[in-house]
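Which chain is which? The protein sequence lines are A and B, in order.
Read left to right, the first sequence gives residues 79 to 412 (our numbering).
Read left to right, the second sequence gives residues 79 to 412 (our numbering).
As structure tokens, the structure follows; a few thoughts come after it.
2 protein chains.
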Amino acid sequence: MAVTMNDVARAAGVSLKTVSNVINDYEFIRPATKQRVLDAIEELGYETNLTARSLRSGKTSMLGLVLADLSVPYYAELASDIMKAAWARGYRVLVEQSGNEADHEKSALQGQFRSLTDGLLFIPLSLDAEQIIRAAGKKPLVLLGEFVQDPRLDMVLIQNHEASAAVTAHLLAGGRRRIAVLGAHDGDTTGSNGLRLNGYKAALAAAGVEYDPALVIGCEWRRDGGADAIARLLDSGVAFDAVFGLNDVVALGALHELLVRGKRVPDEIAVAGFDDIDEARFASPSLTTVEPGRAEIAERAVELLINRIEGKGSADKVEQPEAEFSLRVRQSAP
Amino acid sequence: MAVTMNDVARAAGVSLKTVSNVINDYEFIRPATKQRVLDAIEELGYETNLTARSLRSGKTSMLGLVLADLSVPYYAELASDIMKAAWARGYRVLVEQSGNEADHEKSALQGQFRSLTDGLLFIPLSLDAEQIIRAAGKKPLVLLGEFVQDPRLDMVLIQNHEASAAVTAHLLAGGRRRIAVLGAHDGDTTGSNGLRLNGYKAALAAAGVEYDPALVIGCEWRRDGGADAIARLLDSGVAFDAVFGLNDVVALGALHELLVRGKRVPDEIAVAGFDDIDEARFASPSLTTVEPGRAEIAERAVELLINRIEGKGSADKVEQPEAEFSLRVRQSAP
DNA sequence: CACGTGATCTGCAACGATGTATCCCAGCAG
DNA sequence: CTGCTGGGATACATCGTTGCAGATCACGTG
Chain A
79 MAVTMNDVAR
89 AAGVSLKTVS
99 NVINDYEFIR
109 PATKQRVLDA
119 IEELGYETNL
129 TARSLRSGKT
139 SMLGLVLADL
149 SVPYYAELAS
159 DIMKAAWARG
169 YRVLVEQSGN
179 EADHEKSALQ
189 GQFRSLTDGL
199 LFIPLSLDAE
209 QIIRAAGKKP
219 LVLLGEFVQD
229 PRLDMVLIQN
239 HEASAAVTAH
249 LLAGGRRRIA
259 VLGAHDGDTT
269 GSNGLRLNGY
279 KAALAAAGVE
289 YDPALVIGCE
299 WRRDGGADAI
309 ARLLDSGVAF
319 DAVFGLNDVV
329 ALGALHELLV
339 RGKRVPDEIA
349 VAGFDDIDEA
359 RFASPSLTTV
369 EPGRAEIAER
379 AVELLINRIE
389 GKGSADKVEQ
399 PEAEFSLRVR
409 QSAP
Chain B
79 MAVTMNDVAR
89 AAGVSLKTVS
99 NVINDYEFIR
109 PATKQRVLDA
119 IEELGYETNL
129 TARSLRSGKT
139 SMLGLVLADL
149 SVPYYAELAS
159 DIMKAAWARG
169 YRVLVEQSGN
179 EADHEKSALQ
189 GQFRSLTDGL
199 LFIPLSLDAE
209 QIIRAAGKKP
219 LVLLGEFVQD
229 PRLDMVLIQN
239 HEASAAVTAH
249 LLAGGRRRIA
259 VLGAHDGDTT
269 GSNGLRLNGY
279 KAALAAAGVE
289 YDPALVIGCE
299 WRRDGGADAI
309 ARLLDSGVAF
319 DAVFGLNDVV
329 ALGALHELLV
339 RGKRVPDEIA
349 VAGFDDIDEA
359 RFASPSLTTV
369 EPGRAEIAER
379 AVELLINRIE
389 GKGSADKVEQ
399 PEAEFSLRVR
409 QSAP
């Protein structure tokens with residue numbers, strides 16, 4: 079059916095291997111021969127069969143990307159950046175949605191999925207470092223999203239603590255003293271939630287403001303999670319003058335609910351988030367948030383993973399580069 | 079390196095082909111043999127090499143999905159649904175971002191990308207039907223997103239005209255008479271923009287309201303496009319009491335700009351969109367919009383494509399199922 | 001003029017699985 | 001006892017490409 083190298087070889091009057099050499103830019107080919115082969119390729123409409131190439135070469139030139147769900151804006155935007163970075167380096171990205179389920183994450187790490195990819199970018203949500211190390215095979219693996227932190231694993235880090243502290247400090251500088259936190263529980267110390275909560279605490283301490291666990295409300299990192307959380311807080315009667323959603327959709331969900339309930343933002347209550355998704359800029363009022371360095375994260379992660387795949391760089395040293403964040407001050411918390 | 083069927087065969091004391099038979103659930107295998115093979119697989123940690131299987135069988139069990147950019151919420155949500163639908167049927171999805179460039183779309187249609195997939199889901203934006211037919215190979219192809227319409231191509235349709243008319247009718251029913259349209263030009267008749275514009279016109283006509291081209295503002299289908307467009311309209315001094323953004327992000331961008339400029343929504347100006355992205359529900363005010371049947375679109379498209387791939391269904395008849403839409407009335411246009 | 005050298009091209013095996021044809025054997029009818 | 005049947009397992013070729021090891025040939029050198 080499909081045109082193969084053999085057909086091209088016959089048409090060009092050369093050996094199959096010469097066609098292969100032309101395609102792979104082998105150095106020593108007479109220009110005339112090369113041209114004949116290229117003409118034959120053109121004429122027959124030959125396309126290299128990537129499956130066969132993969133089988134023979136042992137490389138698929140595909141990176142796996144495991145994340146919870148593309149419908150989450152931050153992941154979608156990150157995935158888009160990752161795909162572009164990979165594309166620029168000659169790799170494609172195969173996305174696997176884990177739905178935030180441990181089984182699914184595990185099977186993505188070990189399963190057949192791996193045989194389709196040369197390496198994996200993984201945003202773990204349910205598995206811890208130990209489970210990841212146990213489940214992961216020998217193929218290169220780079221973690222993103224820092225829910226997991228471990229000195230044995232390559233990963234690109236977000237400055238959760240510092241960025242969170244910066245947001246909090248900004249709210250404090252605006253005169254807020256009772257800052258509610260949505261998306262973490264009082265005891266959390268690990269994962270994005272824990273790290274961001276700790277950054278919040280550190281900023282409070284630095285400003286001499288007392289930490290009140292009653293202001294810390296756990297919720298799913300979704301819009302409705304944020305809306306529910308703020309509703310519970312309002313209903314509880316606890317006083318607060320600012321809200322820090324540990325990611326943007328939580329903050330936006332809370333913002334929505336606050337406005338529904340007739341609160342004035344930012345006059346009565348300031349709102350801030352974390353991620354700087356595109357939507358944050360166009361919310362009403364626009365959302366103050368922190369940009370975690372998404373483009374840099376994508377770039378570094380892809381670069382690191384491909385270096386591992388291609389054996390460049392120091393093979394044995396675990397790498398954990400950190401992305402630069404920046405505060406985005408907007409209307410919701412000027 | 080990796081464990082192959084051969085290793086398993088040796089360990090289980092059977093032939094390579096028997097291992098293959100066990101894995102592919104061949105009927106006539108003695109339970110004892112099967113068990114021995116399964117044990118060996120377990121013990122050695124064997125994983126089938128999907129690349130090799132693909133080469134031999136000629137199927138990759140992957141669907142290609144070509145869209146402009148995952149950072150666009152509607153595409154991200156659609157992609158998520160498509161991936162789930164495909165997964166449920168034993169297929170994976172390989173996403174290719176065209177960036178809305180014709181060259182890129184074309185290369186996705188013909189290029190090596192195709193050899194990795196059994197069929198393609200394509201959301202065309204730059205290519206027209208003729209170009210698509212010319213560029214596409216013989217592999218199954220299903221179009222989505224109806225910028226292109228052609229009786230020769232399989233596609234899943236959105237009821238652009240009807241849904242758009244429904245939104246417009248809703249605004250009219252709310253007493254609005256000067257409804258601005260963002261995201262189309264006066265002359266447009268094809269593509270989502272043209273079809274939706276026509277739906278708008280039809281609803282006006284049905285209500286006996288005159289069509290005013292000055293209310294139709296072209297813009298990119300992005301947040302900033304919507305914001306710019308409404309800014310231009312406001313600056314032009316043309317009077318209007320409602321805005322229909324031809325998709326949600328345009329509407330949300332416009333909504334943002336209206337609020338920035340101190341307009342009251344919906345009291346002074348009502349706003350409606352098209353797509354019902356998750357964000358619409360949590361905007362402030364929440365956005366009235368139309369749900370085009372996204373889940374159904376994903377489901378039908380995947381089903382249709384896989385039927386084509388597997389040769390089920392009527393081979394020769396072009397299929398163009400239409401998804402059911404539904405109006406979502408919210409605060410921005412009650 | 002024989003010979004080394006490097007440019008140019010070729011043949012064969014192999015990647016890891018599956019399709020096809022075949023073989024072996026137990027059970028059973030004639 | 002022979003021949004047939006069909007379950008259960010196997011051997012071999014094959015998918016389309018690339019790695020490796022050569023083969024060939026022109027050319028300059030001593």
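Even for Gly, the Cβ is constructed at its ideal location relative to N, Cα and C.
Because the structure is a prediction, the values reported are computed rather than measured.
Take residue i and list the residues in its own chain whose beta-carbon comes closer than 8 Å to its own, dropping the five residues that flank it on each side.
i       : result
A157(B) : L143, L145, L148, V171 and V173
I236(B) : G223, E224, S270, P370, G371, I375, E400, A401 and F403
A80(B)  : E125 and N127
C297(B) : L260, G261, G303, G304, D306, A307 and V328
H239(A) : L273, R274, N276, G277 and A280
A332(A) : L260, G304, A305, A307, I308, V321, G323 and V349
G340(A) : none
Decide if residue i is buried, meaning its Cβ has at least 16 other Cβ atoms within 10 Å, or exposed.
i       : result
R134(A) : exposed
P229(B) : exposed
A243(B) : buried
V396(B) : exposed
D326(B) : buried
T246(B) : buried
K216(A) : exposed
P202(B) : buried
P363(B) : buried
S176(B) : buried
F106(B) : exposed
K95(A)  : exposed
Less than 6 Å between C-beta atoms, sequence neighbours within five positions excluded: which residues of the same chain meet that for residue i?
i       : result
A366(A) : The residue asked about is misnamed: residue 366(A) is Thr in this sequence, not Ala. If we look at T366(A) and ignore the five residues flanking it on each side, its Cβ neighbours are A350, V407, R408, S410 and A411.
I387(B) : D196, G197 and P218
M233(A) : L221 and Q398
S139(B) : Y169
On the DSSP letters alone, give me the boundaries of the alpha helix (DSSP H) that residue i sits inside.
i       : result
A163(A) : P151 to A166
A283(A) : G269 to A285
E174(A) : E174(A) -> not in any alpha helix (DSSP H); beta strand (DSSP E) instead, spanning R170 to Q175.
S242(A) : N238 to A251
K112(A) : P109 to L122
Q188(B) : A180 to Q188
Q209(B) : A207 to A213
E381(A) : R372 to E388
A80(A)  : Segment: none, A80(A) is in no alpha helix (DSSP H) and carries neither H nor E.
Just curious, the beta strand (DSSP E) that residue i is in, first and last residue?
i       : result
T69(A)  : The displayed coordinates of chain A run from 79 to 412. Any statement about residue 69(A) would go beyond what the structure contains.
V144(A) : M140 to L145
G197(B) : G197 to F200
G323(B) : A320 to G323
A348(A) : A348 to A350
Quick check on residue i: does DSSP put it in helix, strand or coil?
i       : result
A258(B) : strand
E400(B) : strand
V316(A) : coil
R406(A) : strand
L221(B) : strand
A361(B) : coil
I295(B) : strand
V328(A) : helix
L235(A) : strand
A411(A) : coil
A90(B)  : helix
K95(B)  : helix
L128(B) : helix
E335(A) : helix
L203(A) : coil
G340(B) : coil
Keeping to the same chain, check which residues put their C-beta closer than 7 Å to that of residue i; ignore five residues upstream and five downstream.
i       : result
E180(B) : It should be pointed out that residue 180(B) corresponds to Ala in this sequence rather than to Glu. Excluding residues within five positions, the ones whose Cβ falls inside 7 Å are S204 and L205.
I355(A) : P151, Y152, E155 and D326
K137(A) : D196
Legend entry - Inter-stretch contact (C-beta, 8 Å, three-pair minimum) for the segment 205-216 of chain A and the segment 181-196 of chain A: yes
Inset, instruction - Could you tell me whether the segment 313-325 of chain B touches the segment 335-353 of chain A, where touching means 3 or more Cβ pairs closer than 8 Å? - result: no
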